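To start, the structure itself, in structure tokens.
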Amino acid sequence: MLSVENLSAWYGQARALNEVSLDVAAGEVVTIVGRNGAGKSTLLRSIMGLHPKTTGTVSLDGKPVDRLAPHQRTRRGLGYVPDDRGMYASLTVQEHLLLPRAVGPNPWPLERVYETFPNLADRRGSAGTRLSGGEQQMLAIARVLRMGARLLLCDEPTEGLSPLFVARIGEILREVKEAGVTVLLIEQNVHFAATVADRHYLLAEGRVVDRLDNDQVRSREHELLDYLGI
Amino acid sequence: MQHIFNGLVSGSFLAMLALGLAVIFGMLGVVNFAHGAFYMLGAFGAYLLLTEWGVNYWVALAAVPVALGLFGALVERVLIRRLSALDPLYNFLLTFGLALLLQDLVRREYGVQSQPYTSPLTATVDFGLFTYPAYQVMVLGISLVVCLAVWLVLSKTRLGVIVRAATERPELTRALGIDVGRYVAPMFGFGVALAGFAGVLAAPMRAVNPLMGGDLIITVFAVVVIGGLGSIFGSVTAGFAIGLITALANLYVPTLSQTIVFILMAAVLLWRPAGLFGREEAFT
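Okay, structure coming up:
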């Protein structure tokens, strides 16, 4: 479904991504694991069309999207959950959910979002930035489900969340997967990654240095944790 | 009482101009220095329509803002958009240059003396304790309605949600499927149209001359800063408040009436750098 070939990205003269290639098949959940500064967020931003300086090719369903603006990429089925959760101070929770443009075949109706995320229903009148970290993460994910995105790009949704919310995010990702949505996920928590994802890419210094399946992640967990510096 | 009314009427103009400026700044991040020139063009437009073609005030009140709004949208498309990727300073210089250009083009044709414009309403309204010109009462009413309408659209409609989102985080809003670029020219045009509308309203009661906008706009900038850059509600509230305060200062401490706005601005900046209703995020 998603195919990235030789993607490089720069910040001025500094190269943040170096010829990254990866594939995600429809219905898969794939994680990108790597240290801070490895280029994980830049990779997602580049796929979304938010990074100004890139070379290489990003294709969706076999068609390149490199020349498309971010809003046009959403129409091809991309949904983006940014690492800062992307809250608006001037929008209420409900407005956050009404804002995105429905683009995919199955945009979630508002009622379904509120059923799945009762916390958000309780706080529908609050400003997005006033929610707790976990609630903000729920809202950021719910927002792209409202669009009916077919491929979610989630930038570290569990970062800084309590174990309770991490577990909840895991449930939601599994539920989303069952609904046929594909997910590309950044994750530092390898233990969590192995419970939700099908396979993993290890990113270091802007390159893909390893591909792992869940068994490899479990058997090499200590080595990986050591490597990630956690 | 009459002075309070005077203050609120001048506040009406400040509020409408500040509102347009706030909408433009919020959406484009552009401090539109040509805003005063557009206000002046509004007043001159009404004057020209009347003297050259005999078009009456009420038609001008509708037609001039529409024409100026289209002109504004064109300016955004042709000029401002080209500079949007650069430092905001470039658009600051562009709009400043545009203001001087428009001002001098009008000056070349009509000189600097004020042109007369007869008021369409000459009656006065009797409030019991005092009487007040009907036209001024109408100006106050219209501007309140306009400000309220803009606020309702921004706070209650989907268009308002999009505009607020695009104002706060344009990139993210694009990633949510919204073509932000499509809204930019219309919003700039709308801000300019508001300035033109205020200009037409001002024609019968203010001196219509090429410098009328430049004189007023400095105060409007102070109003926007006091209200909080980019805050719609803040700009309008501050507009009326400053109008009122200036009128009262004029009555009790006439020497201060010209400077009190700037004293207030300095005080507000020291106390709350983001303005009374501004958000700190506006600076990031």
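Here the protein sequences line up with chains A and B, keeping their order.
Take the first sequence: its position 203, counted from the start at 1, is 203 in our numbering, and no numbers get skipped.
Take the second sequence: its position 64, counted from the start at 1, is 1064 in our numbering, and no numbers get skipped.
Glycine residues also receive a C-beta, built at the ideal position from the N, C-alpha and C atoms.
These numbers were taken from a predicted model, which means no experiment stands behind them.
task: Please decide whether Glu-1280 (chain B) counts as near chain A, where near means a Cβ-Cβ distance under 7 Å.
output: Along the second sequence, one-based indexing puts residue 1280 (chain B) at 280. Confidence in Glu-1280 (chain B) is poor, its pLDDT being 49 and thus under 50, which makes the residue's placement too unreliable to answer from.
task: Determine the closest residue to Val-1200 (chain B) out of B:Ile-1260, B:Ser-1119, B:Cys-1147, with distance taken between C-alpha atoms.
output: Sequence index remark: in the second sequence, residue 1200 (chain B) carries index 200 (1-based). Out of B:Ile-1260, B:Ser-1119, B:Cys-1147, B:Ser-1119 has the C-alpha closest to the C-alpha of Val-1200 (chain B).
- request: Could you check what DSSP says for Leu-1074 (chain B) in three-state terms: helix, strand or coil?
  value: The residue you call residue 1074 (chain B) lines up with position 74 of the second sequence. Of the three classes helix, strand and coil, the one that applies to Leu-1074 (chain B) here is helix, per DSSP.
task: Determine the burial state of Arg-150 (chain A): buried for a count of at least 16 other Cβ atoms within 10 Å of its Cβ, exposed for fewer.
output: Translated into positions along the first sequence, residue 150 (chain A) becomes position 150. So Arg-150 (chain A) counts as buried.
- request: May I have the straight-line CA-CA distance separating Leu-91 (chain A) from Val-1180 (chain B), to the nearest angstrom?
  value: Counted from its first residue, the first sequence places residue 91 (chain A) at position 91. Counted from its first residue, the second sequence places residue 1180 (chain B) at position 180. Distance between the alpha carbons of Leu-91 (chain A) and Val-1180 (chain B): 16 Å.
task: Pull out every residue of the stretch 1143-1165 of chain B whose Cβ sits closer than 8 Å to any Cβ of chain A, in chain order.
output: Arg-1158, Val-1161, Ile-1162, Arg-1164, Ala-1165
- prompt: When the Cα atoms are used, what is the spatial distance from Val-1139 (chain B) to Leu-1194 (chain B)?
  reply: Indexing the second sequence from 1 puts residue 1139 (chain B) at position 139. Indexing the second sequence from 1 puts residue 1194 (chain B) at position 194. So the two alpha carbons sit approximately 14 Å from each other.
query: What separation, rounded to the nearest whole angstrom, lies between the Cα atoms of Ala-1099 (chain B) and Ala-1034 (chain B)?
result: Reading the second sequence from its first residue, position 99 is the one you call residue 1099 (chain B). Reading the second sequence from its first residue, position 34 is the one you call residue 1034 (chain B). Using only the alpha carbons, I get a separation of about 4 Å.
query: Taking 7 Å as the CB-CB cut-off, is Ile-1263 (chain B) touching chain A?
result: Here residue 1263 (chain B) refers to the residue found at position 263 of the second sequence. Not an interface residue.
query: Once you ignore the five residues that flank Lys-40 (chain A) on each side, which residues in its own chain have a CB closer than 6 Å to its CB?
result: Along the first sequence, one-based indexing puts residue 40 (chain A) at 40. These residues qualify, in order along the chain: Ile-32, Gly-34, Ile-186, Leu-203.
Backbone secondary structure at Phe-1283 (chain B) - three-state DSSP: In the second sequence, residue 1283 (chain B) corresponds to position 283, counting from 1. Because the pLDDT of Phe-1283 (chain B) is 37, which lies under 50, any placement of that residue in the model is unreliable, and the question is left without a value.
Alpha-carbon spacing of Gly-1011 (chain B) relative to Pro-118 (chain A), whole angstroms: For the purposes of this step, residue 1011 (chain B) is identified with residue 11 of the second sequence, where counting begins at 1. For the purposes of this step, residue 118 (chain A) is identified with residue 118 of the first sequence, where counting begins at 1. Going from the Cα of Gly-1011 (chain B) to the Cα of Pro-118 (chain A) covers about 46 Å.
query: Can you find a C-beta in chain B that's less than 7 Å from the C-beta of Val-196 (chain A)?
result: Residue mapping note: residue 196 (chain A) aligns to position 196 of the first sequence, counting from 1. No - not a single Cβ of chain B is within 7 Å of the one on Val-196 (chain A).
message: Looking at chain B, is there any beta carbon in it that lies within less than 7 Å of the beta carbon of Arg-146 (chain A)?
response: In the first sequence, residue 146 (chain A) corresponds to position 146, counting from 1. By this cut-off, Arg-146 (chain A) is not an interface position.
task: Within its chain, find whatever has a CB closer than 8 Å to the CB of Ala-1222 (chain B); leave out the 5 residues flanking it on each side and keep chain order.
output: Here residue 1222 (chain B) refers to the residue found at position 222 when the second sequence is read from its first residue. Closer than 8 Å at the Cβ level, and outside the excluded window around Ala-1222 (chain B), lie Ile-1242, Val-1261, Phe-1262, Leu-1264, Met-1265.
field: DSSP beta-bridge partners of Ala-1165 (chain B)
entry: Sequence index remark: in the second sequence, residue 1165 (chain B) carries index 165 (1-based). Paired residue(s): none; Ala-1165 (chain B) is not in a bridge.
field: Ser-90 (chain A): contacting residues in chain B (beta-carbon distance under 7 Å)
entry: For the purposes of this step, residue 90 (chain A) is taken as residue 90 along the first sequence, with counting starting at 1. Chain B residues near Ser-90 (chain A): Arg-1164, Glu-1168.
field: Three-pair Cβ contact test at 8 Å for the stretch 1196-1212 of chain B versus the stretch 1013-1031 of chain B
entry: yes
message: Does any residue of chain A have a CB that is nearer than 7 Å to the CB of Phe-1283 (chain B)?
response: Start at 1 with the first residue of the second sequence, and residue 1283 (chain B) comes out as number 283. Since pLDDT at Phe-1283 (chain B) reaches only 37, below the 50 mark, its modelled position is unreliable, and the value read off the structure follows with that caveat. Answer no: the Cβ-Cβ gap between Phe-1283 (chain B) and chain A never drops below 7 Å.
- prompt: Counting pairs of Cβ atoms below 8 Å between the stretch 97-111 of chain A and the stretch 136-154 of chain A, do you hit three or more?
  reply: yes
message: Cutting at 8 Å between CB atoms, please list the residues of its own chain near Leu-228 (chain A), excluding the five before and the five after it.
response: The count along the first sequence starts at 1 and reaches residue 228 (chain A) at position 228. Closer than 8 Å at the Cβ level, and outside the excluded window around Leu-228 (chain A), lie Val-33, Gly-34, Arg-35, Gln-188, Val-190.
- prompt: With 16 as the cutoff for other CB atoms within 10 Å, does Asn-1056 (chain B) come out buried or exposed?
  reply: In the second sequence, the residue the question calls residue 1056 (chain B) occupies position 56. With fewer than 16 other Cβ atoms within 10 Å, it is exposed.
- request: Entirely within the stretch 57-92 of chain A and at least 3 residues each: give me those beta strand (DSSP E) ranges in chain order.
  value: 78-81
- request: Starting from Thr-237 (chain A), find everything on chain B with Cβ-Cβ shorter than 7 Å and list it in chain order.
  value: This structure does not reach residue 237 (chain A), given that chain A is present from 1 up to 230, and the question cannot be answered.
message: If I follow the unbroken beta strand (DSSP E) through Leu-185 (chain A), where does it start and stop?
response: Within the first sequence, the letter at position 185 stands for residue 185 (chain A). That run of the beta strand (DSSP E) goes 182-186.
- prompt: How many whole angstroms separate the CB atoms of Pro-1088 (chain B) and Val-1150 (chain B), which I take to be in contact at a CB cut-off of 8 Å?
  reply: Along the second sequence, one-based indexing puts residue 1088 (chain B) at 88. Along the second sequence, one-based indexing puts residue 1150 (chain B) at 150. The pair is not a contact, with the Cβ atoms about 24 Å apart (cut-off 8 Å).
task: Between the Cα of Leu-1172 (chain B) and those of A:Glu-135, A:Ser-21, A:Gln-72, A:Pro-82, spot the shortest distance and give me the residue it belongs to.
output: As a first step, residue 1172 (chain B) must be located in the second sequence, where it is residue number 172. Selected option, being the one with the closest Cα: A:Pro-82.
- prompt: How close, in whole Å, do the beta carbons of Gly-1275 (chain B) and Val-1225 (chain B) come, if the pair is a contact with beta carbons under 8 Å?
  reply: Taking the second sequence and counting its residues from 1, the one referred to as residue 1275 (chain B) is at position 275. Taking the second sequence and counting its residues from 1, the one referred to as residue 1225 (chain B) is at position 225. So it is a contact: roughly 6 Å between Cβ atoms.
task: Kindly list, in the order they appear in chain A, the residues whose Cβ is closer than 7 Å to that of Arg-1081 (chain B).
output: By 1-based counting over the second sequence, the position of residue 1081 (chain B) is 81. Correct list: empty, because the minimum Cβ distance to chain A is about 14 Å.
query: Ala-26 (chain A): buried (16+ other C-beta within 10 angstroms of its C-beta) or exposed?
result: Taking the first sequence and counting its residues from 1, the one referred to as residue 26 (chain A) is at position 26. Looking at its Cβ environment, which holds fewer than 16 other Cβ atoms inside 10 Å, Ala-26 (chain A) is exposed.
message: Which residue marks the beginning of the beta strand (DSSP E) containing Arg-32 (chain A), and which one marks its end?
response: On the first sequence, position 32 is the one that residue 32 (chain A) refers to. Note that residue 32 (chain A) is Ile in the sequence shown here, rather than Arg. 29-33 is the span of the beta strand (DSSP E), which, as asked, contains Ile-32 (chain A).
field: Leu-1100 (chain B) - containing beta strand (DSSP E), residue span
entry: Locating residue 1100 (chain B) in the second sequence gives position 100, counting from the first residue. No beta strand (DSSP E) holds Leu-1100 (chain B); the alpha helix (DSSP H) holding it covers 1088-1110.
field: Integer-rounded CB distance, given that Met-147 (chain A) should sit under 8 Å from Gly-79 (chain A)
entry: In the first sequence, counting from the first residue as 1, residue 79 (chain A) sits at position 79. In the first sequence, counting from the first residue as 1, residue 147 (chain A) sits at position 147. With 8 Å as the limit, Gly-79 (chain A) and Met-147 (chain A) qualify as a contact, their Cβ atoms being about 5 Å apart.
field: Arg-124 (chain A) Cβ short of 6 Å to the ligand SAM heavy atom set
entry: As presented, the structure is devoid of all ligands, the ligand SAM included, so that no description of it is given.
- prompt: How should Glu-1032 (chain B) be labelled, buried or exposed, when 16 other C-beta atoms within 10 angstroms of its C-beta is the threshold for buried?
  reply: On the second sequence, residue 1032 (chain B) is found 32 positions in, with the first residue counted as 1. Residue identity differs from the one stated: residue 1032 (chain B) is Asn in this sequence, not Glu. Looking at its Cβ environment, which holds 16 or more other Cβ atoms inside 10 Å, Asn-1032 (chain B) is buried.
query: Can you find a CB in chain B that lies within less than 7 Å of the CB of Arg-101 (chain A)?
result: Residue 101 (chain A) sits at position 101 when you count from the first residue of the first sequence. At least one chain B Cβ lies under 7 Å of Arg-101 (chain A).
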